[in-house]
Amino acid sequence: MEWSKWKRRIYTQGATPIQYLDQLTQLLQGPNIFVKRDDMLGLVGGGSKTRKLEFLMADAIGKASDCIITCGDVQSNHCRLTLSAANYEGLDCHLILEERIPNSFFPKANGNNLLYQLLGASSIRVVPRGTDLLQEMDTLKQQLESQGFQPYVIPVGGSNPIGDLGYIACAEEILVQTKQLGIRIDQIVCASGSGGTHAGLVAGFKTLNTQIKVIGIGINRKKPLQDEAVHHHILSVCEMLDLETKIDYEDIIIFDDYIGEGYSLPTEEMKKAVRLLAKKEAILLDPVYTGKAMAGMIDLIKNGYFKKDDNILFLHTGGIPGLYAHANELMD
Ligand SMILES: *Cc1c(COP(=O)(O)O)cnc(C)c1O
102 MEWSKWKRRI
112 YTQGATPIQY
122 LDQLTQLLQG
132 PNIFVKRDDM
142 LGLVGGGSKT
152 RKLEFLMADA
162 IGKASDCIIT
172 CGDVQSNHCR
182 LTLSAANYEG
192 LDCHLILEER
202 IPNSFFPKAN
212 GNNLLYQLLG
222 ASSIRVVPRG
232 TDLLQEMDTL
242 KQQLESQGFQ
252 PYVIPVGGSN
262 PIGDLGYIAC
272 AEEILVQTKQ
282 LGIRIDQIVC
292 ASGSGGTHAG
302 LVAGFKTLNT
312 QIKVIGIGIN
322 RKKPLQDEAV
332 HHHILSVCEM
342 LDLETKIDYE
352 DIIIFDDYIG
362 EGYSLPTEEM
372 KKAVRLLAKK
382 EAILLDPVYT
392 GKAMAGMIDL
402 IKNGYFKKDD
412 NILFLHTGGI
422 PGLYAHANEL
432 MD
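To convert, count from 1 in the sequence shown and add 101; that's the numbering used here.
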């Protein structure tokens with residue numbers, strides 16, 4: 102496919118495993134449940150952003166950039182992985198952190214915040230919720246340029262057409278791997294945040310001519326806004342690749358019933374899902390994305406959304422360091 106012409110750095114050896122979740126499948130008496138272990142991707146702490154960064158960092162290096170600027174929440178997996186990729190490539194990395202929940206930034210916080218410190222960000226700036234992050238990054242870019250640097254800006258979640266190539270490549274990886282394993286996958290369930298992961302998978306499966314449906318579980322925005330975001334990402338990546346792929350809103354499946362009070366705020370179902378997967382499958386989920394996505398998938402199974410003989414693949418997008426920033430809420 103077209104994307105293979107794009108420059109790529111490799112941060113993970115081989116494909117991430119696909120595992121059958123025997124105990125969870127038996128417990129729920131529903132469809133067969135598999136998991137794609139993207140929590141085992143390379144760089145510090147693993148997770149979905151690593152796939153996007155393989156293409157983004159290759160682009161930055163191709164443009165002779167010497168430092169990276171990116172942004173995210175105060176406990177951002179994307180910021181931790183971007184910083185990690187920058188260190189690996191020998192580049193500086195500047196972070197702009199948005200306090201999406203007022204007073205949620207603690208300089209001594211555990212989780213991703215601890216890792217920002219250990220990995221050593223070149224600068225960290227915390228801004229209040231609702232700040233125009235693109236504007237903030239642009240201002241910093243101009244400052245750095247005036248000091249003689251050549252910064253490369255990566256948007257929130259690493260979601261832009263170049264980053265989204267990571268999940269087009271993943272769609273192909275899944276097809277090759279399930280063929281080797283001799284399993285047919287009917288639906289994929291993933292957390293849908295900035296929307297790049299969801300969009301890359303939809304665009305990838307469409308262009309590869311497969312019938313696999315992608316079900317996004319919203320963790321932040323209500324359905325109409327999330328639909329828009331995913332649609333926009335699909336159109337932009339297809340345009341960049343000159344793909345004629347026809348995608349309508351019907352191809353974009355989103356459930357927004359599992360967000361709770363808002364981004365990163367815990368729900369009872371998330372806590373149950375985190376405990377259940379740890380207990381039954383020895384798999385850790387994160388409290389912000391995969392815990393809520395799993396809670397959503399379990400609820401859809403209980404409500405009969407899937408057929409008994411469907412094979413569903415849960416995409417584990419990582420985020421585990423976030424558990425250690427939510428210890429109080431998760432402890433009994
Ligand atoms: C960023 C992130 C997501 C969401 O991916 P998007 O491409 O932003 O929609 C899901 N899970 C984890 C753990 C993440 O860090």
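A virtual CB, placed ideally from N, CA and C, is assigned to each residue, including glycine. Since this is a predicted model, take the numbers as computed values, not measurements.
Comparing alpha carbon positions, the residue from Asp287, Ser295, Gly294, Asp343 closest to Phe306 is Asp287.
Around the Cβ of Thr279, a 10 Å sphere holds 16 or more other Cβ atoms; the residue is buried. Using a Cβ-Cβ distance cut-off of 8 angstroms, the segment 176-194 and the segment 370-378 are not in contact, since fewer than three pairs of beta carbons, one from each stretch, lie closer than that value. Rounded to the nearest angstrom, the Cβ distance from Ala300 to Thr346 is 12 angstroms, too far for a contact under 8 angstroms. Here Val290 is actually not in contact with Met141; their C-beta atoms are around 18 angstroms apart, not less than 8 angstroms. Here Pro422 really is in contact with Leu216; their C-beta atoms are around 6 angstroms apart, less than 8 angstroms. Of all C-beta pairs linking the segment 227-247 to the segment 144-163, fewer than three are shorter than 8 angstroms, placing the two stretches out of contact. Shown here, Ile354 sits in a strand according to DSSP, grouped into three states. A check of alpha carbon separations from Ser166 across Gly317, Gly191, Asn404 identifies Gly191 as the nearest. Cβ-Cβ separation between Ile320 and Lys393: approximately 5 angstroms, consistent with a contact (criterion under 8 angstroms). Taken from the Cβ of His427, every heavy atom of ligand 1 lies 7 angstroms or farther away. In this structure Tyr253 does not touch Ile313 by the C-beta definition: roughly 33 angstroms separates them, more than the 8 angstroms allowed. Within the model, the alpha-carbon separation for Asp358 versus Lys323 is close to 9 angstroms. Distance from the CA atom of Leu235 to the CA atom of Pro256, rounded to whole angstroms, is 7 angstroms. When the Cα atoms are used, Ala383 and Asp352 turn out to be separated by approximately 33 angstroms. Rounded to whole angstroms, the separation of the alpha carbons of Ser337 and Gln327 is 15 angstroms. Looking at the DSSP output, Asp193 bridges to Cys168. For Ile119, the enclosing beta strand (DSSP E) has its first and last residue at 119-121. Taken atom to atom, the span from the alpha-carbon of Ile413 to that of Ser185 is near 32 angstroms.
Scanning its chain for C-beta atoms nearer than 7 angstroms, with the 5 sequence neighbours on each side dropped, one finds around Phe156 the residues Trp107, Arg109, Ile263, Gly264, Leu266, Gly267, in chain order.
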